[in-house]
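Structure first, then comments.
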Amino acid sequence: MKLIRFGEIGKEKPGILIGEKRFDVSSIVTDYNEAFFENDGLEKLKNALELNPALPEVDASVRLGSPVARPSKIICIGLNYVDHCHETNAPIPTEPIIFFKSTTALCGPNDNVIIPKNSQKTDWEIELAFVIGKKASYVEEAEALDYVAGYCLHNDYSERAFQIEMGGQWAKGKGCDTFAPLGPFLATQDEITDVNNLSMWLTVNGKTFQNSNTSNLVFKIPFLVYYLSQFMTLLPGDVISTGTPPGVGLGIKPEPIYIKAGDVVELGMEGLGSSKQLAVACSK
């Protein structure tokens, strides 16, 4: 299945995507949240759809929200592509680098990205994200995929001055409002033939900056589930983003390139659709 959430900000309803058509499943499901995943919601929804395939269609013009409701955690993995380490002059990690994005950063795939107040170095990062399907604590790597509900496209926006130059935690440059557009949909595992071989791309104003493949991940998803679950309980609906390949603005030579108001960022991944964000200045 491909799960979507649609409607105005804060009023999203659950739906599904079949082909190019969107359908409302709010008569069956309350929302794609922790309770949904925890209570075997994917299997129950699948069974309900088989019994009642007639659903209201949702117009293609309706806004898409994040395909999961606000999770308990958004966990990100830094420097998880070898070439990205090289372009940022960072050593290849021997263990995953972990940081968190705020849940208030989560937004729809085509929502505007707001350049934070006093920002000069807002950057882009296409990433493969996955969503936890059931509570995970001290999981064995061999069983890790049993805990994965599905996969999403994610743009891990970053304010590099906040992140790097101000000291302290990376989270300052990662958790700004609208810095985690997710979707357009959550694809369950059966929708993706090989998650370790998905092509991906990102453009800014039509120019390609990132063009890579998930085969280049340093730490794969089963290891990440295992590793993270040694340090914290992963709850159903938690989002884990696996890192970005080369081509971020910070790594452009001879001078970095950063996003300014009016820029258009588009990205896509094989099997996971595409998204588009217009950069706008903070109005506060």
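As numbered in our numbering, the sequence shown has no gaps in its residue numbers, which increase by one up to the final residue, 381. Cβ coordinates follow ideal geometry from the N, Cα and C atoms, glycine included. It should be emphasised that the depicted structure is a prediction, and the values quoted were computed from it without experimental measurement.
Next item on the list: Use the C-beta contact count for Ile189: other C-beta atoms within 10 angstroms, 16 or more gives buried, fewer gives exposed.
Entry: exposed
Checklist line | Secondary structure of Asn310, DSSP reduced to three states | finding: strand
Check: Taking the alpha-carbon positions, what's the Tyr347 to Ala358 distance?
Finding: In the sequence on display, residue 347 carries Leu and not Tyr. Leu347 and Ala358: Cα-Cα distance of roughly 17 Å.
Margin query: By the three-class DSSP mapping on this structure, what secondary structure does Ile261 have?
Written below: helix
Check: By how many angstroms is the C-alpha of Ala246 removed from the C-alpha of Ile101?
Finding: 14 Å
Margin query: Using 8 Å as the cut-off, can you tell me whether the segment 269–283 makes contact with the segment 193–206, which would need three or more C-beta pairs spanning the two stretches below that distance?
Written below: yes
Next item on the list: Throw me the rounded Cβ distance for the Ile212 and Ile356 pair, which I believe falls under 8 Å.
Entry: 7 Å
Next item on the list: Leaving aside the five residues before and after Gly162 along the sequence, list all residues of the same chain whose C-beta is less than 6 Å from its C-beta, in chain order.
Entry: Arg102, Glu109 and Gly205
Checklist line | Continuous beta strand (DSSP E) stretch holding Lys118: start and end | finding: Lys118 to Asp121
Checklist line | Cβ-based burial, Met329 [other Cβ within 10 Å; buried from 16] | finding: exposed
Checklist line | CB of Asn252 within 8 Å of CB of Trp298, strictly | finding: no
Notebook entry, point to check: Hey, how far is the Cα of Phe133 from the Cα of Ile354?
Noted result: 41 Å
Notebook entry, point to check: Got a sec? Which residues, its chain only, sit under 8 Å from Lys317 by beta carbon, not counting five neighbours each side?
Noted result: Asn293
Notebook entry, point to check: Ordered along the chain, which non-local residues of its own chain (more than five positions away) have a Cβ less than 8 Å from that of Ser372?
Noted result: Pro206, Asn207, Leu250, Asn252, Pro278, Gly280, Pro281, Glu363, Leu364 and Gly365
Next item on the list: Check each candidate in Val322, Gly264, Tyr254 and Val126 and name the one with the smallest Cα separation from Ala241.
Entry: Val322
Notebook entry, point to check: Residues in its own chain within less than 7 Å of Ala378 by CB, not counting five upstream and five downstream?
Noted result: Ile212 and Ala358
Notebook entry, point to check: Run through DSSP, which three-state label would Cys182 get?
Noted result: helix
Check: Quick one: Cα of Ile174 to Cα of Thr341, how far?
Finding: 9 Å
Note to self: Quick check on the DSSP output: the alpha helix (DSSP H) that includes Pro319 runs from which residue to which?
What the structure shows: Ile318 to Ser326
Check: Along the chain, which unbroken stretches of the alpha helix (DSSP H) at least 4 residues long are found entirely within the segment 236–311?
Finding: 268–271
Notebook entry, point to check: Do Val210 and Asn302 have their C-beta atoms within less than 8 Å of each other?
Noted result: no
Next item on the list: May I ask you to report which of helix, strand or coil DSSP gives Gly368?
Entry: coil
Notebook entry, point to check: Which partner residues does Glu363 have in the DSSP bridge list?
Noted result: Thr300 and Lys373
Next item on the list: Give, in chain order, every unbroken run of the beta strand (DSSP E) that is at least 3 residues long and sits entirely within the segment 113–169.
Entry: 118–121
Check: Going by Cα to Cα distance, which pick from Phe320, Ala376 and Thr285 is closest to Val165?
Finding: Thr285
Notebook entry, point to check: Taking the alpha-carbon positions, what's the Glu140 to Gln266 distance?
Noted result: 39 Å
Margin query: Just to confirm the assignment, what range does the beta strand (DSSP E) spanning Ser39 have?
Written below: What the structure shows of the chain is the stretch from 98 to 381, and residue 39 is not part of that stretch, so it cannot be assessed.
Margin query: Check whether chain D comes within 8 Å of Gly334, counting only Cβ atoms and requiring the distance to be less than that.
Written below: Chain labels in this structure do not include chain D; a single protein chain is all it has.
Notebook entry, point to check: If you drop the 5 nearest sequence neighbours on each side, which residues of the same chain put their C-beta closer than 8 Å to that of Pro324?
Noted result: Note on identity: in this sequence residue 324 is Tyr, with Pro being the wrong assignment. Closer than 8 Å at Cβ, skipping near neighbours: Glu192, Pro193 and Phe316.
Notebook entry, point to check: Excluding the five sequence neighbours on either side, which residues of its own chain have a C-beta within less than 8 Å of the C-beta of Glu147, listed in chain order?
Noted result: none
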